[in-house]
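Peer 1:
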Ligand SMILES: Nc1ncnc2c1ncn2[C@@H]1O[C@H](COP(=O)(O)OP(=O)(O)O)[C@@H](O)[C@H]1O
Ligand SMILES: Nc1ncnc2c1ncn2[C@@H]1O[C@H](COP(=O)(O)OP(=O)(O)O)[C@@H](O)[C@H]1O
Ligand SMILES: Nc1ncnc2c1ncn2[C@@H]1O[C@H](COP(=O)(O)OP(=O)(O)O)[C@@H](O)[C@H]1O
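Chains as they are written, first to last, in this note's numbering: chain A, 32 to 143; chain B, 32 to 143; chain C, 32 to 143; chain D, 9 to 415; chain E, 9 to 415; chain F, 9 to 415.
(1) Do the CB positions of residue 366 of chain D and residue 122 of chain D come within less than 7 Å of each other?
(2) So with Cβ pairs under 7 Å, would you call residue 70 of chain D a contact of chain E?
(3) With a threshold of 6 Å (Cβ to nearest heavy atom), would residue 59 of chain A be considered close to ligand 2?
(4) Tell me whether residue 397 of chain F is buried or exposed, calling it buried when 16 or more other Cβ atoms sit within 10 Å of its Cβ.
(5) Below 7 Å on C-beta distance, what does residue 82 of chain B contact in chain D?
(6) Using a C-beta to C-beta distance shorter than 8 Å, which residues of chain C count as neighbours of residue 126 of chain B?
(7) Alpha carbon to alpha carbon, what distance is there between residue 217 of chain D and residue 23 of chain D?
(8) Give the DSSP-derived three-state secondary structure of residue 62 of chain F in the structure shown.
(9) Using alpha carbons as the reference points, say which of F:380, F:194, F:301, F:298 lies closest to residue 42 of chain C.
(10) Residues in the stretch 110 to 136 of chain F with C-beta within 8 Å of chain E's C-beta atoms, listed in sequence order?
(11) Is residue 98 of chain A buried or exposed, if buried means 16 or more other CB atoms sit within 10 Å of its CB?
(12) Tell me the residue span of the beta strand (DSSP E) that contains residue 123 of chain B.
(13) Classify residue 78 of chain E as helix, strand or coil using the three-state DSSP reduction.
(14) For residue 35 of chain E, which of E:312, E:229, E:210, E:94 has the nearest alpha-carbon?
(15) With a cut-off of 7 Å, does the C-beta of residue 45 of chain F fall near any C-beta of chain E?
(16) At a CB distance below 7 Å, what residues from the stretch 69 to 97 of chain A approach chain F? Give them in sequence order.
(17) For residue 265 of chain F, does the three-state DSSP call read helix, strand or coil?
(18) Helix, strand or coil: how does DSSP classify residue 410 of chain D here?
(19) Can you tell me the Cβ-Cβ gap for residue 344 of chain F and residue 286 of chain F, rounded? I've got them flagged as a contact below 8 Å.
(20) Using the Cα positions of residue 151 of chain F and residue 75 of chain F, report the straight-line distance between them to the nearest angstrom.
(21) Look at the alpha carbon of residue 228 of chain E and the alpha carbon of residue 128 of chain E, and state the distance between them as a whole number of angstroms.
(22) Have a look at residue 290 of chain E and residue 241 of chain E and give me their C-alpha separation to the nearest angstrom.
(23) Residue 132 of chain C and residue 40 of chain A: beta carbons closer than 7 Å?
(24) Is any non-hydrogen atom of ligand 3 found closer than 6 Å to the C-beta of residue 121 of chain C, if you look at the structure I gave you?
(25) Could you say which of F:399, F:391, F:170 lies nearest to residue 138 of chain F if we only look at CA atoms?
(26) So, for residue 266 of chain E: in the same chain, excluding its five sequence neighbours on each side, which residues have a beta-carbon less than 6 Å away from its beta-carbon?
(27) Taking only beta-carbon atoms, is residue 205 of chain E less than 7 Å away from chain F?
(28) In the DSSP assignment, find the unbroken beta strand (DSSP E) run with residue 63 of chain A in it and report its ends.
(29) Along the stretch 402 to 414 of chain F, where does the CB come closer than 7 Å to a CB of chain C? Name the residues.
(30) Report whether the distance from the Cβ of residue 94 of chain B to the nearest heavy atom of ligand 3 is below 6 Å.
(31) On the DSSP bridge list, what partners appear for residue 138 of chain A?
(32) Which chain A residues sit within Cβ distance under 8 Å of residue 39 of chain B?
(33) Measuring only the C-alpha atoms, how far is residue 272 of chain F from residue 92 of chain E?
(34) Determine which residues share a DSSP beta bridge with residue 76 of chain C and list them.
(35) Quick one: any contact between the stretch 304 to 322 of chain E and the stretch 330 to 348 of chain E, if contact means 3 or more CB pairs under 8 Å?
(36) For the stretch 39 to 56 of chain D and the stretch 401 to 415 of chain D, state whether three or more C-beta atom pairs, one from each stretch, are separated by less than 8 Å.
In structure tokens form, the structure reads like this:
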């Protein structure tokens, strides 16, 4: 099994969720994160003091899938998250050795 | 070493923490996350506009342990987190290649 | 490629970011997390009711780098994050199998 | 002669009405998404500055200055000329005229602020300022003159105790025009426009209720039995509006909500405004119940048709102005206020007709002028709406380089 | 005859007391967990609607209507019959009776709202409404009549300037009954019941302090020297309560806290309430210090015995009502208020006895009726408490389908 | 003789000024980082307790007691001796003296609270209390006596309607001293000191504006034409300050900000304070515009030189006190207030000189005494500043064992 971590723009979450639902992915965990990268931040001004804010709000989606679903899932995420502008984000694939469902104790792909 | 990621119901955190303490696990990192899965969300109503809220607050616990502790830890988490109802969450085990303690520079199991 | 996860003290973020920038790392994702470990929490008092708060605010930095950068990055993080006091945090290295840039579809090291 | 009790009453009432504008800011800002909080707050706060300027220079004179053909006050009191610590001979004769002037100023300030709920989360700041300023000149001042400044509607016998026509209907009609001209927010029907902080909205509700006593009771312009009646009517209408809305939610959605309680209260308070000093408490309760019912239905219906009056200015304020003005036509009683009128129930159906006439005139006038004004500004000032990307980013960052919460 | 100064004073005071209910809502809601914020706020806000209804129809008449056997007012003023812009012949003779009525309404509204702190985070909304309504009818109105409406306690010479017995002790006794009937919150002693937003609690404190001037000074019912005395007593008691609580925290916990400062202030303000217009400022300072000391100890003790009076209604409001009423028995002085009484220190120990009698009667009556009423509703209405799962989810979502903060 | 209208006016004004201290707490606390929210709020709230104590025992007597050599009041009114429900023969002769006393108390409370913005986020609580208490005794009371209590500056003809010298300049000068003695916050120039909650700051702004009417209009001490003038001047100066600041931001930074609007409003309101009842509305508008301009420049300049007056007490309050007092020297007019003076524009340049003299005396005196006092406390009380680690952790946890938001 694999863990897919995708960093996306927050307002694209619904699109990504729909795209994933369409290919039968119905489980995921999301986290509010802040990203730093090529995309430029913005300036904020408080009584004339200017601050460069360079960590940009992003959403991280974590999905555990079986190895054969990785390509479909990454494609779905790209389909949902892409705007074509800098800062669209990244997808990382990590190996997962075991998955367990707390409620039933099921292990492996059954647990997803 | 392994990274154990557990998604649990927020109000079960104290139980899980206690269960882990009982088996000698005294380090962990938690994150507020939102989960999507079998557990149904709820409806919210604002001046007659109904919104389906399907991301449910969860807590993600991240624990790095040596490989031989994995089973004990997952059992402890299950013991603490289980309610038997849908949405109890999942445990994922990922491989970890290196651990370093910032303060001392210690590496590997000593760093945990 | 590798994923480096570092748990650090929140007020050290700017130092770590600068140290990373200095060695040419210009992308990362950060998350507000809470840590539990050797560092003692604090007591809070509300109308005489004392509560032990033992989850301490930390920041988790996630950086994907190619394998050969791991040492430089961990050193930079340590340089930025170290205060020498308990609770400075930890660095974990996890294997990553694939990286994709959403905007372009680039894969592997090019995507970082 | 100046009466210190009355003067205190209107001075404090003016302060309370001033506080309503921040109250409204929070009432509204609690309902927007967190990226638009500051922009929304500022749209109300800045009115305190812009409209007060307008008012002390020309607004007061246009509204309450010597009448020109029933249509408008002349500018003989430009820049408060002749407005001093001495009482006016016409208005509020027991208090310094300058107190009357500033009390009325607070009404002029909050009226365009009310409109902002209609185009929340999507209007550019510059065009918004231009619109609000000219709207006050072209809509608020004339209507204020017609109804309160001895203009032609007052001559015709149209009554409005504290602003059902002058404040709520004008702003509601303008809101309708704004919804039509600006169109819905990006993502309507798909994104979740959930209030970012209902405690903030409830804070606004509490402040508004408090201030409304200054708004309605103060409109008696003296601390007398009429003020007392208006105070009580105000309170019981708010209470009834809240009860009705909560009851309807309970029935329709199985659960009452906090926002529903707040919405019903505001509907009740707004509805009783034109009638407060002219009707009995019982009539005020009925008006409050009607307000809760009608506004609840209006808001529900709005959600069905995808009309993006974001914070329900039409469905709550505009509609309340109409119901209250009609209600006054029905329930008005000279037994309560000898300077008022008898309404339908007191056997005087004609007065109801007069009130309907007032509603139509003010509603149509306000809507048409607002619509033209918005279109005009849209064309001349580079567009009323935020650029789509800015709308996504939100007003706070895109228009003000600020973030509401840095936690 | 109507005095415009007095009328203004009570009208504005009424508005200020109204504002206390939202103030209380925030004071309380800041202390609950974030999943119960809206439910807690609504428990206060909805009282404005429910209790005002009760009051204008029967409450005012039961409380201040013509006396029946010293026990209750008759219903001859049902639906405000005869309550108009003319002054009452008995109460507040210089202001419109309807102003007196609405001013008293605000007291009736906030009293059951005070009780909600005792059963915070665990009571069902429907049974809560039923309880509050009947509690007002069965406890508040009678006690109000006994003490302020010319009833038997007034006859006996029991004094209560602005509500130590009528407001604070009745609600405190009801709170004690509620704690016993409902039992502790799930997880008491294990979970952390930390306030979700102390700034919100401090906001409530500020609003309450402001409103308390209307509550206490306004209870003089005229803008005279007594009102002035009551105003000053109120302020200095709040100041003294805050100082004492902060000092004790500093001594016992090495650090003063913000919540401690707020709690001490409220304790001081509540304690001086029954005495405000009858005692000297120095006595008020002593009362404030006593309030800080006793309430601090009570709250500390509560934490030890696991008695889940969640937001300390008994330990702060109830106890304050007792201390203040006793304190009045000690410090009352006709030199300060000729219409008051002389207390123990002025050589009149009997008056202290009278006050103790008042405390026992009101405390026992309020406790017993509240207890029976709660038990009764618990049985007849499907339980007072939320289901355990709903208690875990929280009031906002489980009972109102809302979320306080969507950030 | 007691006038009920005037008494009501000052009682309610006192309540409004009391509310300003919580208002200030929120205005300031919104601008600090979230780890210092409660500590900042408490620094204002606790003044209500500490300074009120000081005031009722010695402060009132020192300020308004029988004059000793033009320098200070004697202590013959220690503990409010002789201060009762009867009017004073000297001050506010139509209201109970005790009302005058408590009204002035509220001014004494907020003045040291204003200073806290200068050393926000870095001062220890104990030394802060000691400083505030002695500062009030050594700076506030004497200056108050000199200007308002019949002292030598009053004799010289220095005028200050509602506290440009007594409140704003004293606190601004103390703030300057505090910035110099305490030094900048850790991380200045590197860390981001972004406001943690601008909605909280805007809430404070709204409350402050509301309360300012009690502060300035109430300073007429009667509900008359002067109060009316002061009310209007206050409002239009706030409006003008806001407009100017927003306009400058728009020009300099391409975007107006919410904090800018709030800052400009406060600058305008503070600036008009000494002049409110002595000048025409037009002059008030000019003062408001000047306030917006000068304070904007001051704050911008401060950012350039790394002077850590954290929340701009010097640049906004202190400077406003100066501009307003100067402005009074220029714009004062006996046509507006016969008890006032004629200023430069009315041909009386001498009066401007007198005002400048007042500014220099008060400014220098307040700065020097504050500086010495701070140094003294720094040495004797184990340091004014938080330990560096505590500063990193933040006041809330390090000094009060609390957390503002538990979400
Ligand atoms: N090396 C990295 N490690 C972890 N996260 C990264 C890395 N580089 C970028 N990111 C994340 O991806 C987001 C988008 O990256 P950015 O360089 O701004 O644009 P793009 O995705 O178009 O290349 C960043 O905001 C950050 O959250
Ligand atoms: N495929 C997945 N990848 C990542 N997280 C998942 C996945 N499936 C479920 N989760 C997480 O686990 C939580 C519980 O899952 P759910 O399907 O609701 O119930 P259960 O754990 O009882 O099967 C979800 O809220 C989500 O956070
Ligand atoms: N076994 C672990 N797994 C995951 N995170 C851990 C673990 N142990 C510690 N941490 C994280 O590292 C942080 C610092 O650890 P701590 O033991 O307090 O001090 P130190 O880093 O100096 O050893 C903790 O707050 C926690 O977030």
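Ideal placement from N, C-alpha and C gives every residue a C-beta, glycine not left out.
Peer 2: Short version:
(1) Contact: no.
(2) Not an interface residue.
(3) True, at least one ligand heavy atom lies under 6 Å from that Cβ.
(4) By the neighbour-count rule (16 or more Cβ atoms within 10 Å), residue 397 of chain F is not buried but exposed.
(5) For residue 82 of chain B, the C-beta contacts it makes with chain D under 7 Å involve 200, 202, in order along the chain.
(6) Those are 125, 126, listed as they occur along chain C.
(7) One C-alpha to the other measures close to 14 Å.
(8) Three-state result, residue 62 of chain F: helix.
(9) Comparing alpha carbon positions, the residue from F:380, F:194, F:301, F:298 closest to residue 42 of chain C is F:194.
(10) For the stretch 110 to 136 of chain F, residues whose beta-carbon sits nearer than 8 Å to a beta-carbon of chain E comprise 110, 113, 133.
(11) In this structure residue 98 of chain A is exposed. Its beta-carbon is surrounded by fewer than 16 other beta-carbon atoms within 10 angstroms.
(12) It spans 121 to 126 - the beta strand (DSSP E) in which residue 123 of chain B sits, taken as one unbroken run.
(13) In the three-state scheme derived from DSSP, where H, G and I count as helix and E and B as strand, residue 78 of chain E is classed as coil.
(14) Minimum Cα distance to residue 35 of chain E is reached at E:210.
(15) Chain E, which has a Cβ nearer than 7 Å to the Cβ of residue 45 of chain F, makes this yes.
(16) For the stretch 69 to 97 of chain A, which is checked against every Cβ of chain F, the residues closer than 7 Å are 75, 76, 77, 78, 79, 80, 82.
(17) If DSSP states are grouped into helix, strand and coil, residue 265 of chain F belongs with coil.
(18) The three-state reading of DSSP puts residue 410 of chain D in coil, since its state is none of H, G, I, E or B.
(19) The Cβ separation is near 6 Å, so the contact holds.
(20) Residue 151 of chain F and residue 75 of chain F have their C-alpha atoms spaced approximately 13 Å apart.
(21) Spanning the two alpha carbons is a distance of roughly 33 Å.
(22) Cα to Cα, residue 290 of chain E sits roughly 8 Å from residue 241 of chain E.
(23) No, these two residues do not count as a Cβ contact at 7 Å.
(24) Residue 121 of chain C: yes, Cβ under 6 Å from ligand 3.
(25) Residue 138 of chain F has its Cα closest to that of F:391, out of F:399, F:391, F:170.
(26) Around residue 266 of chain E: 206.
(27) True, the Cβ-Cβ gap to chain F drops below 7 Å.
(28) Run containing residue 63 of chain A: 59 to 67, per the beta strand (DSSP E) assignment.
(29) For the stretch 402 to 414 of chain F, which is checked against every Cβ of chain C, the residues closer than 7 Å are 405, 409, 410, 411.
(30) Flag set: Cβ of residue 94 of chain B near ligand 3.
(31) Answer is A:131, bridged to residue 138 of chain A.
(32) Close partners of residue 39 of chain B in chain A (Cβ separation under 8 Å): 133.
(33) Rounded to the nearest whole angstrom, the CA to CA distance from residue 272 of chain F to residue 92 of chain E is 46 Å.
(34) Answer is C:81, bridged to residue 76 of chain C.
(35) The stretch 304 to 322 of chain E and the stretch 330 to 348 of chain E do not touch, with fewer than 3 CB-CB distances between them shorter than 8 Å.
(36) The stretch 39 to 56 of chain D, when compared against the stretch 401 to 415 of chain D, does touch it at the 8 Å Cβ threshold.
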